[in-house]
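See below for the structure under consideration.
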Amino acid sequence: MNLYGRDLITTQEWSRNELETTLDLAARMKRDRFADNFTNILQNKTFFMFFYNPSVRTRQSFECAATELGGHAQFLEPKSMRLKTATSAGETVEDAAKVMSRYAAGLGIRILEDQVSAYGEGDNLLREYAHWSDIPIVSMAHDKYHPCQGLADVMGWSEWYGRGPGKGVDPVVLQGKKLLVAWGHGALARSWCSVQEAMLIGSRLGMDVTLAYPEGYDLDPAVVEWTKQNCAENNREFGITHDPREGYHGAHVVYSRHWMSPQAYQNGEFLKKQEIEKALHYPDWICDGEKMKLSDNGIFTHPMPIDRGHEVTDEVASGSRSCIYDVAENRLHVQKAIMALTMAGR
Amino acid sequence: MNLYGRDLITTQEWSRNELETTLDLAARMKRDRFADNFTNILQNKTFFMFFYNPSVRTRQSFECAATELGGHAQFLEPKSMRLKTATSAGETVEDAAKVMSRYAAGLGIRILEDQVSAYGEGDNLLREYAHWSDIPIVSMAHDKYHPCQGLADVMGWSEWYGRGPGKGVDPVVLQGKKLLVAWGHGALARSWCSVQEAMLIGSRLGMDVTLAYPEGYDLDPAVVEWTKQNCAENNREFGITHDPREGYHGAHVVYSRHWMSPQAYQNGEFLKKQEIEKALHYPDWICDGEKMKLSDNGIFTHPMPIDRGHEVTDEVASGSRSCIYDVAENRLHVQKAIMALTMAGR
Amino acid sequence: MNLYGRDLITTQEWSRNELETTLDLAARMKRDRFADNFTNILQNKTFFMFFYNPSVRTRQSFECAATELGGHAQFLEPKSMRLKTATSAGETVEDAAKVMSRYAAGLGIRILEDQVSAYGEGDNLLREYAHWSDIPIVSMAHDKYHPCQGLADVMGWSEWYGRGPGKGVDPVVLQGKKLLVAWGHGALARSWCSVQEAMLIGSRLGMDVTLAYPEGYDLDPAVVEWTKQNCAENNREFGITHDPREGYHGAHVVYSRHWMSPQAYQNGEFLKKQEIEKALHYPDWICDGEKMKLSDNGIFTHPMPIDRGHEVTDEVASGSRSCIYDVAENRLHVQKAIMALTMAGR
């Protein structure tokens, strides 16, 4: 297996073997974080980070990752780049991508729902960059997917159900475990990318998946369909409920997070205000201690930042079964592994 | 003495022995700037810089410091981070700090008077980060203190009264010298942090301290009280004058700089405009050649940027007794020493 | 020949021997990009990048260059620095430059036509920094010149007329070749710096130079005069035409790019809107396949970003005789060579 040069737009497009190799390398990099054989992997090499949307954690973890591999990540904001769009002049993706391929070992792109005029445009942009680039394109979260978060999620869950954080990862421990992906209320209009990636990679690794959300908060039908297929291929169960409690029964991993509704875009506009108002009408949709008692001593997971008091109570988020900081730490390790596997050797 | 893991919020909270160890290491790092034993200290490690307020010199010197120690400093602007405050939703300091502790070797924070709604809030924020973080918090200037500037100041003054810049630092030479901290006029509303830190560390190291400012420009009473106590412990003199000339008599170090009045905050607002107007009414409060003649062949010091023509004349700022560039350079060396002592070894 | 400490504001101020040494080192760095003897040149050293104007390519290539030499480039935006100007208070260039000289190995400055109130002010600023700095000042494009682009241009052209990209550079192959610098239309108001530098360095290296532009689009008369002199010293021809086709006859290198008119500044304002409107009135001024047929199998060159469809057709820009990506890549290599020659050894 050779991942050199491969793009990572969603984990669904990597084989299970490739995902496991990445997780295994990430675990070794976590255990032996500054070992000599890791700190020279991107020595003197550059990784470009394109932030159409700002971010703290993603920027911190990617820039750390490059530094720990001996290289350097450049923080770039494409708004000052004036790329050509349907309505405005500017440099074509072809020109931008071809030049960047001469300079760097890889390119990360972050573009979320409020920077595009329709769901899927961010994904299209990543694929256009991937088409023209000679270097790997890595999603740093876009409107559809968030593969690095997905890998960090399953790495954290595997640690909690296996040997414990920092002791190595054996994804087989997730086989047959139940993942509940539950909508959370709050004054937010959050992307689908993190939850969709979690559904995909959880089901790939043999988990039962239950989606729970109020009527009107459907996710991308294609992603739901893929998740169903993944479950079917592993002989696992997939279900959807619109009850805020039901899905908790027997859950091993509880992922409670807000997401926007499919009505968020109208005539090319992202209706943030309207989404925020709507999302406050469902105060029942919070992960709390009472609901967690219904689970099978489940762990609480979240990609952060958390909207405490809306998506989840403090009691749960800071409780003894919360894996949030371990998952957040794992962003660093999986990203180092991805960069090492796809970008080293140039 | 082991400083590993220690926060640095003000020099007043470090022992005299700890401060001298830091100054000594800084002097060695200045003399032998790129020696092998220094350039690997933070190899592949990350230092986060949180700039609530922009800055050029502080950013330049901290980012250089990390680079020269073999690591990397990330330039982060928390305004895009939406931290939870009394009035707005957002990520808690607990969550932010706990995750950053997984990624980095240390965290620097800069937050000045115009980014808070009352004096002391910046200091509280640093202490909240220090509470939740597993990594050292270093002030890169906040509303109360500026420890790195204070260390750079006394390093520069010690060089000038000792063996000369770059020849090593023996803080004992400052014992019994007179520090004049004089208010300067100008279209500004500057923080108290630099002058307060200078008073504290100057008095710690055995200097006489005289404060000179127009009526109505009192500094933090608690800091003044600490300074008095420091002087008393060293059997040195402390005084306050409201005459623009009197304090110069016999001064060895003249620190002329503008600072805002205690009336700068009203109802949670920082009244910059009002402060600026008020500050222009005292044209006598400028450090000039005539006043410097009253001193004991004193040196002129300032943390920069200087408001030439208001705080000080060109004649003095660019004169043969100005130590401003040496002090500015020392920011780099003391910050390297601080990072080495508190962050290396993780 | 010792270039250590030298500023680079325009190639016209470096000797032909110095330019050839730089090109030769750039070619060796391109061929053997990550060789040990190159990756330690700026080890642990800092290069400051001052971006008065944003840029993607220039920032990417300079930051990569520092990384590949083992150092680090700091991305700085001086708008937050409040330097003293005729009308506003702030830090003097003297103070800023003297402190930065203590921290860094070199300083790059980018300041284009829309950040100054009259043509030439950007150049003056660079020279003021050069006056006060102890470290080399490198233009990263300013209102008059763009020396790094000029060097990348001739490196690319030499590769195409010599041994091929990446096979080394022998500038002698440009001797006697004809360079056409042609104005291009479009909704733009672009700087003179790139085309002026190309005229200067092309003529230095023995090329015939023809300028082609509509009446009213004269460039800096002093630069035109220098170009004429360079041509005369090499016994080469210099000409100006206002016909959009004529200059193509016999051209070996076709440089088609928009530039603003000399009327762009009025009363200290940069009239971008007016320039853009005017520039759209000349649709004939586009480099297309038909015009290229008039050339001597010429190559197409452009400093990018390209305004495709206005300055040049897609057919030509993406055609088999387009050297744009090689020239863009060469920015990296010539900048590494410049930094190595002027900044290493401190």
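Chains as they are written, first to last, in my numbering: chain A, 144 to 489; chain B, 144 to 489; chain C, 144 to 489.
Using N, Cα and C, we set each Cβ at its ideal position, and we do this for glycine too.
Keep in mind the model is a prediction, meaning the values are calculated, not measured.
First and last residue of the uninterrupted alpha helix (DSSP H) at residue i
{"i": "residue 343(A)", "result": "336-347"}
{"i": "residue 268(C)", "result": "264-275"}
{"i": "residue 435(C)", "result": "432-436"}
{"i": "residue 318(C)", "result": "From DSSP, residue 318(C) is part of no alpha helix (DSSP H); its letter is neither H nor E."}
{"i": "residue 208(C)", "result": "200-211"}
{"i": "residue 313(C)", "result": "Note, residue 313(C): premise wrong, no alpha helix (DSSP H); not H, not E."}
{"i": "residue 181(A)", "result": "179-182"}
Test item: CB-CB of residue i and residue j under 8 Å
{"i": "residue 470(A)", "j": "residue 299(A)", "result": "yes"}
{"i": "residue 341(C)", "j": "residue 288(C)", "result": "no"}
{"i": "residue 362(B)", "j": "residue 335(B)", "result": "yes"}
{"i": "residue 276(C)", "j": "residue 478(C)", "result": "no"}
{"i": "residue 349(A)", "j": "residue 318(A)", "result": "yes"}
{"i": "residue 445(A)", "j": "residue 467(A)", "result": "yes"}
{"i": "residue 327(A)", "j": "residue 459(A)", "result": "no"}
{"i": "residue 422(C)", "j": "residue 413(C)", "result": "no"}
{"i": "residue 490(B)", "j": "residue 374(B)", "result": "Any property of residue 490(B) remains undetermined from this structure, which presents chain B solely from 144 to 489."}
{"i": "residue 487(C)", "j": "residue 168(C)", "result": "no"}
{"i": "residue 430(B)", "j": "residue 247(C)", "result": "no"}
{"i": "residue 390(B)", "j": "residue 343(B)", "result": "no"}
{"i": "residue 273(C)", "j": "residue 175(C)", "result": "no"}
{"i": "residue 280(A)", "j": "residue 269(A)", "result": "yes"}
{"i": "residue 201(C)", "j": "residue 215(A)", "result": "no"}
Where residue i sits in the DSSP three-state scheme
{"i": "residue 328(A)", "result": "coil"}
{"i": "residue 149(B)", "result": "coil"}
{"i": "residue 456(A)", "result": "coil"}
{"i": "residue 391(C)", "result": "helix"}
{"i": "residue 372(A)", "result": "helix"}
{"i": "residue 302(B)", "result": "helix"}
{"i": "residue 156(A)", "result": "helix"}
{"i": "residue 464(A)", "result": "coil"}
{"i": "residue 358(C)", "result": "coil"}
{"i": "residue 215(B)", "result": "strand"}
{"i": "residue 484(B)", "result": "helix"}
{"i": "residue 474(A)", "result": "helix"}
{"i": "residue 333(C)", "result": "coil"}
{"i": "residue 323(B)", "result": "strand"}
{"i": "residue 297(C)", "result": "helix"}
{"i": "residue 367(A)", "result": "helix"}
{"i": "residue 170(B)", "result": "helix"}
Start and end residues, beta strand (DSSP E) containing residue i
{"i": "residue 352(C)", "result": "351-355"}
{"i": "residue 399(A)", "result": "396-400"}
{"i": "residue 236(A)", "result": "Element bounds for residue 236(A): not the beta strand (DSSP E) but the alpha helix (DSSP H), 236-246."}
{"i": "residue 283(C)", "result": "280-285"}
{"i": "residue 192(A)", "result": "189-194"}
Residue i - partner residues in DSSP beta bridges
{"i": "residue 429(A)", "result": "DSSP, once it has assigned bridges, lists no residue as partnering residue 429(A)."}
{"i": "residue 380(C)", "result": "Its beta-bridge partners do not exist; DSSP assigns none."}
{"i": "residue 409(C)", "result": "412(C)"}
{"i": "residue 250(A)", "result": "191(A), 280(A)"}
{"i": "residue 442(C)", "result": "396(C)"}
{"i": "residue 89(A)", "result": "Residue 89(A) lies beyond the stretch modelled for chain A, which goes from 144 to 489, so this question has no answer here."}
Inset, instruction - Examine the Cβ distances between the segment 292-308 of chain A and the segment 471-488 of chain A and report whether three or more of them are shorter than 8 Å. - result: yes
Inset, instruction - Evaluate the contact criterion for the segment 194-207 of chain B versus the segment 246-256 of chain B: three or more CB pairs, one atom per stretch, below 8 Å. - result: yes
Legend entry - Meets three-Cβ-pair contact criterion under 8 Å: the segment 442-450 of chain C and the segment 402-421 of chain C: no
Legend entry - Segment contact flag, the segment 152-161 of chain B with the segment 311-326 of chain A, C-beta cutoff 8 Å, min 3 pairs: no
Inset, instruction - Count the C-beta pairs between the segment 386-398 of chain A and the segment 435-443 of chain A that are closer than 8 Å, then say yes if the count reaches three, no if not. - result: yes
Legend entry - At least three beta-carbon pairs within less than 8 Å, the segment 179-193 of chain B to the segment 255-270 of chain B: By the Cβ criterion, the segment 179-193 of chain B is not in contact with the segment 255-270 of chain B, since fewer than three pairs of Cβ atoms, one from each stretch, lie closer than 8 Å.
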